[in-house]
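**Q**
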Amino acid sequence: MYSKNRQNCSKGILSLPYRLFEINHINGVVINPTTEPTMNRKRFFGNTIFHLPLNWNKKYRLFETNRSFLQGIKHLSKFFKFSDKSPIITDGKIQKLMVKLGLIQTTSYESNQKGIAQVSKTIKKLGQKETKIVCLPEQWLKNNIIKDFDSEFLEFKKIARDFSMTIIPGAFYEIGKNTSIIAPVIGPEGEFIGRQEKIHPFDYERDSVKPGNEAKIFKTSCKFGIIICYDMVFPNVANVLAKKGAQVLFSPSRIVRRGIVPWEMYVQVRALENRIPILAANVENRRFGGNSIIVDLTEDNKVVTTKITKLKGASEKSKEFILEKYEKSRKSRFADSNKFQ
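In terms of the working numbering, the sequence shown opens at residue 6 and continues consecutively.
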């Protein structure tokens with residue numbers, strides 16, 4: 006597995022044949038490097054095993070006694086291209102890992118079976134690109150009253166397990182003692198790990214749908230919340246999720262064509278208000294207007310603006326995020342809020 010020169014080192018794989026570094030994270034800073042002769046033992050740095058070339062100590066002299074471990078890693082980054090899972094080194098600190106998050110925009114399908122079969126191919130494609138969480142729209146199937154989620158989304162569960170990814174299959178009617186609209190969550194082990202109920206049923210839905218009463222946090226590759234379609238209109242939903250610790254928000258939606266412009270405004274404003282990225286999935290067909298949207302945030306001299314990616318047609322998109330980078334701005338924004346009557 007060892008490579009003797011940097012040209013032959015595979016992307017993100019650096020071997021540790023001679024030394025073992027115990028790594029601890031305290032506020033993003035790596036401390037307490039130790040050495041120990043070893044040929045076989047490995048240590049994880051985040052989720053990535055780093056392998057250095059066999060002659061790393063002689064050739065690059067990375068970890069002399071007057072060099073800290075962090076300086077060595079910085080020096081190392083000049084010679085090797087780290088993988089997308091590798092830590093990002095900025096401002097003298099090692100930040101948390103990147104996570105790749107994705108959306109799928111669906112269209113009309115002849116049956117649930119055909120729709121799920123088609124979308125399963127798309128989810129696999131995202132899984133092959135190491136997408137860790139993917140979200141689908143609200144009520145995108147032919148029949149959106151789901152009697153048995155386990156059997157209906159059996160293929161999704163297999164894909165989640167095979168690619169260690171989290172899948173939000175959308176939001177659907179669940180008929181029981183009470184009728185609800187729920188967004189189930191399939192975890193990376195291929196099992197349902199929870200559900201988010203729609204808190205604000207829309208218009209005609211209010212006649213039959215019981216509103217949810219809790220904004221929930223889920224934790225797999227990161228901490229996230231789910232905002233189902235019309236819930237995006239109400240600022241408190243996104244705000245409560247952000248204050249509960251969500252690092253990103255997903256929104257299974259089904260927005261008619263004439264509603265696309267205000268919907269895009271709502272999604273961007275919720276992202277700005279709470280300093281949090283949002284990925285909102287929509288259906289595109291004759292009635293529903295597509296334009297699924299990924300809202301990222303950029304900051305320039307304390308001014309935060311949105312950076313938008315839109316989907317067209319039946320398609321998918323994934324994007325890498327370093328979710329820690331929004332935390333300082335989010336805390337500052339919440340601290341600025343004053344109580345009033």
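Just so you know, even glycine gets a beta-carbon here, dropped at the ideal spot from N, CA and C.
Identify which residue in ARG335, LYS119 and GLY192 has its Cα closest to the Cα of CYS140.
**A** Nearest option by C-alpha distance: GLY192.
**Q** Could you give the C-beta distance for LYS162 and GLY195, rounded to a whole number, given that I count them as a contact under 8 Å?
**A** 5 Å between Cβ atoms; contact.
**Q** Can you grab the Cα-Cα spacing for the pair VAL190 / LEU328, in whole Å?
**A** Straight-line Cα distance between these residues: approximately 20 Å.
**Q** Express the C-alpha separation of ASP305 and PHE293 in angstroms, rounding to a whole number.
**A** Spanning the two alpha carbons is a distance of roughly 35 Å.
**Q** Does DSSP put ASP305 in a helix, a strand or coil?
**A** It is a strand residue.
**Q** Give the DSSP-derived three-state secondary structure of SER156 in the structure shown.
**A** Three-state DSSP puts SER156 in a helix.
**Q** Among residues of its own chain, excluding the 5 on either side of GLU143, which ones have a beta-carbon nearer than 7 Å to its beta-carbon?
**A** Here the set comprises GLY175, ALA176, ILE233, CYS234, PRO257, SER258 and ARG259.
**Q** Using C-beta distances below 6 Å, list every residue in its chain close to SER320, excluding the 5 sequence neighbours before and after it, in chain order.
**A** Excluding sequence neighbours, SER320 sits near GLN110.
**Q** Of the residues PHE339, LEU316 and ILE128, which one's Cα is nearest the Cα of PHE168?
**A** The shortest Cα separation from PHE168 among PHE339, LEU316 and ILE128 belongs to ILE128.
**Q** Quick check on LYS330: does DSSP put it in helix, strand or coil?
**A** Correct three-state label for LYS330: helix.
**Q** Given that a residue counts as buried once 16 or more other Cβ atoms are within 10 Å of its Cβ, and exposed if not, what is SER226?
**A** Buried is the call here.
**Q** Going by alpha carbons, who is nearest to ILE231 out of PHE239, VAL238 and ALA243?
**A** When only C-alpha atoms are compared, the closest one is ALA243.
**Q** State the CB to CB distance for the pair LYS203 and GLY217, rounded to an integer number of angstroms; the pair is presumed to be in contact (CB under 8 Å).
**A** Yes, they are in contact, since the Cβ atoms of LYS203 and GLY217 sit about 6 Å apart, within 8 Å.
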